[in-house]
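Colleague: The structure that follows is given in the form of structure tokens.
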Amino acid sequence: ILGTAGEPERAGTGTDGAVGHAGPLEAAWERYRALASRPAPQPQVLARRGGTPYPLPLSGVESTPVLSLLAAFETVSERGPGTLAPEVRAALEERLERVSRRAERLHDEAEAAPAAAERLRHRANVLMARLGEVERGARSVELADFEGGTLTLELDPSLSPAENAERLYDRAKKRERAARRLPARVREAIAERNRLERLLESLDAGEADPETVARWLSEVRPDDGGGSEAEVRLPYRRFRSSGGLEIRVGRSGRANDDLTFHHSAPDDIWLHARDAAGAHVILRWTGDQNPPQRDLLEAAVLAAVSSKARTSGTVPVDWTRRKYVRKPRKAPPGAVIPERVSTVFVEPDAAVEERLRDSP
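Basically the working numbering = 1-based index in the sequence shown + 41.
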């Protein structure tokens, strides 16, 4: 681009500060105009930190004067597209290592979870069958199991023998629910690991922008499958109801904002678990009437599973038309005020989440 001679400067930071309040493209255009309108314009090379040439004078792009257009061309050719910002690569490698460890840990848990749940249920069955042999207030008891052996059980002395058995059953149910969810979580971790490996390859080949990768690392949470990089950047995961309606589930607080206010229509159905942090959920809908009850309840289950209340037995989920959802001024990402709200009560069943997954 053309600019004035002088010390290297940071592109995208006009002296009057006005550019800093515009969007990235508007800021770049104003920067171009400012550089071209100065006296004695001189060619300059735009490059990101680390030396990678870049076509737009955005934030983080440095502008360095050169003697001629030929010199600018030679500088860009010498640097080439393969120069990589070291800090971005280091963050990417750290994320890859962490995700790889998580994938391995989840795989081990998925293999062990069914047996762990079965052990808890077996202990509950033995205790329930031998209630008459257990004194109230006991801290432990040794009972004959169903195979002719003995089983030592630790008890809560503040509970009755039957209540101790019910607690074991509850623990078994939680383990069983976790066992149903774990295979999907393993696939998510493996899919993210594969995406990170592809991003590293793209960065090394000069095909990916370091700033875009850094933004992805900071904002995007683990995803559900191996879609393309463009699909990964969507602020939501996709599901399909039994009636064929698309359901979108936000990935994070910032992604919730994006989903609710930029990736939905006014008559869509907006859902969120009541009084619990969690994802915004959009059920795509255009009719004047309410959506079919089954589709609505399935979307509500996704809202429950994607919330902090996912381990509860029953979760209240609020829903309304998206046009009745507003964002307060200066509210943090994801914070909204829904109006004209109705409520349904659902069980956060991970099996429903798995069944409704919409393949890319």
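C-beta: ideal position from N, C-alpha, C; glycine also. Keep in mind it's a predicted model, so treat the numbers as computed, not measured.
When we look at the beta-carbon of Asp298 and count the other beta-carbons within 10 Å, is it buried (16 or more) or exposed?
Modeller: Position 257 of the sequence shown, counted from the start, is the residue given in the question as residue 298. With 16 or more other Cβ atoms within 10 Å, it is buried.
Colleague: Using the rule of at least 16 other Cβ atoms within 10 Å of the residue's Cβ for burial, across every protein chain shown, is Ala153 buried or exposed?
Modeller: Here residue 153 refers to the residue found at position 112 of the sequence shown. It counts as exposed.
Colleague: Thr352 and Lys215 - do their beta-carbons sit closer together than 8 angstroms?
Modeller: To locate residue 215, count along the sequence shown from 1; it is residue 174. To locate residue 352, count along the sequence shown from 1; it is residue 311. Yes, the pair counts as a contact, with Cβ atoms nearer than the cut-off.
Colleague: Does the Cβ-Cβ distance between Ser181 and Leu194 come in under 8 angstroms?
Modeller: As a working note, residue 181 is residue 140 in the sequence shown. As a working note, residue 194 is residue 153 in the sequence shown. The answer is yes: Cβ separation under 8 angstroms.
Colleague: Please state whether the Cβ-Cβ distance between Leu312 and Ala350 is less than 8 angstroms.
Modeller: For this step, residue 312 is matched to residue 271 along the sequence shown. For this step, residue 350 is matched to residue 309 along the sequence shown. In this structure, Ala350 does not lie closer than 8 angstroms to Leu312 by Cβ.
Colleague: Would a C-beta distance cut-off of 8 angstroms place Ile323 and Ser305 closer than the cut-off?
Modeller: As a working note, residue 323 is residue 282 in the sequence shown. As a working note, residue 305 is residue 264 in the sequence shown. Yes. Within cutoff.
Colleague: Give me, in chain order, the residues of the same chain whose beta-carbon lies closer than 6 angstroms to that of Pro389; leave out the 5 immediate sequence neighbours on both sides.
Modeller: Taking the sequence shown and counting its residues from 1, the one referred to as residue 389 is at position 348. Excluding positions up to five away in sequence, the list reads Ala345, Val346, Arg351, Val356.
Colleague: Buried or exposed for Glu242, please, with buried defined as at least 16 other CB atoms from any protein chain shown within 10 angstroms of its CB.
Modeller: Residue 242 sits at position 201 when you count from the first residue of the sequence shown. Answer is exposed; the Cβ neighbour count stays below 16.
Colleague: Just checking my contact of Val140 with Arg234 at CB under 8 angstroms: how many whole Å lie between their CB atoms?
Modeller: In the sequence shown, counting from the first residue as 1, residue 140 sits at position 99. In the sequence shown, counting from the first residue as 1, residue 234 sits at position 193. That pair is a contact at about 5 angstroms.
Colleague: Assign Leu172 to one of two classes, buried (16 or more other C-beta atoms within 10 Å of its C-beta) or exposed (fewer than that).
Modeller: Residue numbering aside, residue 172 sits at position 131 when the sequence shown is read from its first letter. So Leu172 ends up on the exposed side.
Colleague: Assuming Leu147 contacts Arg226 (C-beta within less than 8 angstroms), just tell me the rounded distance between them.
Modeller: Position 106 of the sequence shown holds residue 147. Position 185 of the sequence shown holds residue 226. Going by Cβ atoms, the distance from Leu147 to Arg226 rounds to 5 angstroms, so yes, they are a contact pair.
Colleague: Whole angstroms are fine: how far does the CA of Ala318 sit from the CA of Ala213?
Modeller: Here residue 213 corresponds to residue number 172 of the sequence shown, with the count starting at 1. Here residue 318 corresponds to residue number 277 of the sequence shown, with the count starting at 1. When rounded, the distance between both Cα atoms is 26 angstroms.
Colleague: Among Ile378, Phe280, Pro198, whose alpha-carbon lies nearest the alpha-carbon of Arg289?
Modeller: Taking the first residue of the sequence shown as 1, we reach residue 289 at position 248. The shortest Cα separation from Arg289 among Ile378, Phe280, Pro198 belongs to Phe280.
Colleague: Since Leu209 contacts Leu168 with CB under 8 angstroms, what's their CB separation in whole angstroms?
Modeller: Here residue 209 corresponds to residue number 168 of the sequence shown, with the count starting at 1. Here residue 168 corresponds to residue number 127 of the sequence shown, with the count starting at 1. Indeed they touch by this definition, with Cβ atoms about 7 angstroms apart.
Colleague: Could you give the distance in angstroms between the alpha-carbon of Gly266 and the alpha-carbon of Gln334?
Modeller: Walking along the sequence shown from the start, residue 266 turns up at place 225. Walking along the sequence shown from the start, residue 334 turns up at place 293. Its pLDDT being 39, under 50, Gly266 is placed unreliably by the model, and nothing is read from it.
Colleague: Around the C-beta of Ser383, are 16 or more other C-beta atoms found within 10 angstroms, so that it is buried, or is it exposed?
Modeller: Indexing the sequence shown from 1 puts residue 383 at position 342. Ser383 comes out exposed.
Colleague: Give the straight-line distance between the Cα atoms of Arg24 and Val377, rounded to the nearest whole angstrom.
Modeller: With the chain running from 42 to 401 in the structure shown, residue 24 is simply not present.
Colleague: Given Glu395, which residues of its chain have a CB within under 6 angstroms of its CB, disregarding the five upstream and five downstream residues?
Modeller: Residue mapping note: residue 395 aligns to position 354 of the sequence shown, counting from 1. Closer than 6 angstroms at the Cβ level, and outside the excluded window around Glu395, lie Ala225.
Colleague: Since Leu184 is in the beta strand (DSSP E), which residue starts that stretch and which ends it?
Modeller: As a position in the sequence shown, residue 184 is number 143, starting the count at 1. Note, Leu184: beta strand (DSSP E), 181-185.
Colleague: Are Leu192 and Arg164 touching if we call contact CB-CB under 8 angstroms?
Modeller: As a first step, residue 192 must be located in the sequence shown, where it is residue number 151. As a first step, residue 164 must be located in the sequence shown, where it is residue number 123. Their beta carbons are under 8 angstroms apart, which means Leu192 touches Arg164 by this criterion.
Colleague: To the nearest angstrom, how far is it from the Cα of Pro332 to the Cα of Asp309?
Modeller: Taking the sequence shown and counting its residues from 1, one reaches residue 332 at position 291. Taking the sequence shown and counting its residues from 1, one reaches residue 309 at position 268. Pro332 and Asp309: Cα-Cα distance of roughly 9 angstroms.
Colleague: Is Ser283 closer than 8 angstroms to Asp336 when the C-beta atoms are compared?
Modeller: Here the question's residue 336 lines up with position 295 in the sequence shown. Here the question's residue 283 lines up with position 242 in the sequence shown. Going by C-beta atoms, Asp336 is nearer than 8 angstroms to Ser283.
Colleague: From the DSSP secondary-structure annotation, give me the bridge partner or partners of Ile231.
Modeller: What you label residue 231 is simply residue 190 of the sequence shown in a count that begins at 1. None; Ile231 has no bridge partner.
Colleague: Note the first and the last residue of the continuous alpha helix (DSSP H) segment covering Ala314.
Modeller: Counting from 1 along the sequence shown, the entry for residue 314 is found at position 273. That residue, Ala314, is in no alpha helix (DSSP H); its beta strand (DSSP E) goes 310-314.
Colleague: Less than 6 angstroms between C-beta atoms, sequence neighbours within five positions excluded: which residues of the same chain meet that for Ala296?
Modeller: Position 255 of the sequence shown, counted from the start, is the residue given in the question as residue 296. Answer for Ala296: Pro276, listed in chain order.
Colleague: In the structure shown, what three-state DSSP assignment does Gly91 receive?
Modeller: As a first step, residue 91 is located in the sequence shown; it is residue number 50 there, counting from the start. Per-residue confidence for Gly91 stands at a pLDDT of 49, beneath the threshold of 50, marking its modelled position as unreliable; the derived number appears in the next sentence. DSSP places Gly91 in coil when its eight states are reduced to three.
Colleague: Considering only C-alpha positions, which residue in the set Pro202, Glu217, Glu183 is nearest to Pro155?
Modeller: Locating residue 155 in the sequence shown gives position 114, counting from the first residue. Checked all of Pro202, Glu217, Glu183; the closest Cα to Pro155 is Glu217.
Colleague: Hey, Ala372 and Arg222 are a contact pair by Cβ (cut 8 angstroms); roughly how many whole angstroms apart?
Modeller: Sequence index remark: in the sequence shown, residue 372 carries index 331 (1-based). Sequence index remark: in the sequence shown, residue 222 carries index 181 (1-based). With 8 angstroms as the limit, Ala372 and Arg222 do not qualify as a contact, their Cβ atoms being about 31 angstroms apart.
Colleague: Excluding sequence positions up to five away, which residues of its chain have a Cβ less than 7 angstroms from the Cβ of Arg130?
Modeller: As a first step, residue 130 is located in the sequence shown; it is residue number 89 there, counting from the start. Counting only Cβ-Cβ distances below 7 angstroms, and skipping sequence neighbours, we find Leu244.
Colleague: I need the straight-line Cα distance from Pro202 to Ala158, nearest angstrom please.
Modeller: Locating residue 202 in the sequence shown gives position 161, where the first residue counts as 1. Locating residue 158 in the sequence shown gives position 117, where the first residue counts as 1. Pro202 and Ala158: Cα-Cα distance of roughly 20 angstroms.
Colleague: Kindly indicate the opening and closing residues of the beta strand (DSSP E) around Thr355.
Modeller: To locate residue 355, count along the sequence shown from 1; it is residue 314. Per DSSP, Thr355 belongs to no beta strand (DSSP E) and is neither H nor E.
Colleague: How is Val430 classed by DSSP in three states: helix, strand or coil?
Modeller: The first residue shown for the chain is 42 and the last is 401, placing residue 430 beyond what the model contains.
Colleague: Please check the pair Thr301 and Val366, which I expect to be a contact at CB under 8 angstroms, by giving their CB distance rounded to whole angstroms.
Modeller: For the purposes of this step, residue 301 is taken as the residue at position 260 of the sequence shown. For the purposes of this step, residue 366 is taken as the residue at position 325 of the sequence shown. Yes, Thr301 and Val366 are in contact; Cβ-Cβ is about 6 angstroms, under 8 angstroms.
Colleague: Apart from the five residues just before and just after Pro178, which ones in its own chain have a Cβ nearer than 7 angstroms to its Cβ?
Modeller: As a working mapping, residue 178 is identified with position 137 in the sequence shown. The displayed chain sequence assigns Gly, not Pro, to residue 178. Once the five neighbours on either side are set aside, the close Cβ partners of Gly178 are Pro198.
Colleague: Taking Cβ positions, are Gly291 and Ala320 nearer each other than 8 angstroms?
Modeller: Position 250 of the sequence shown, counted from the first residue, corresponds to residue 291. Position 279 of the sequence shown, counted from the first residue, corresponds to residue 320. For Gly291 and Ala320, yes; Cβs fall inside 8 angstroms.
Colleague: Between which two residues does the alpha helix (DSSP H) harbouring Arg335 extend?
Modeller: Reading the sequence shown from its first residue, position 294 is the one you call residue 335. First-last of the alpha helix (DSSP H) with Arg335: 334-346.
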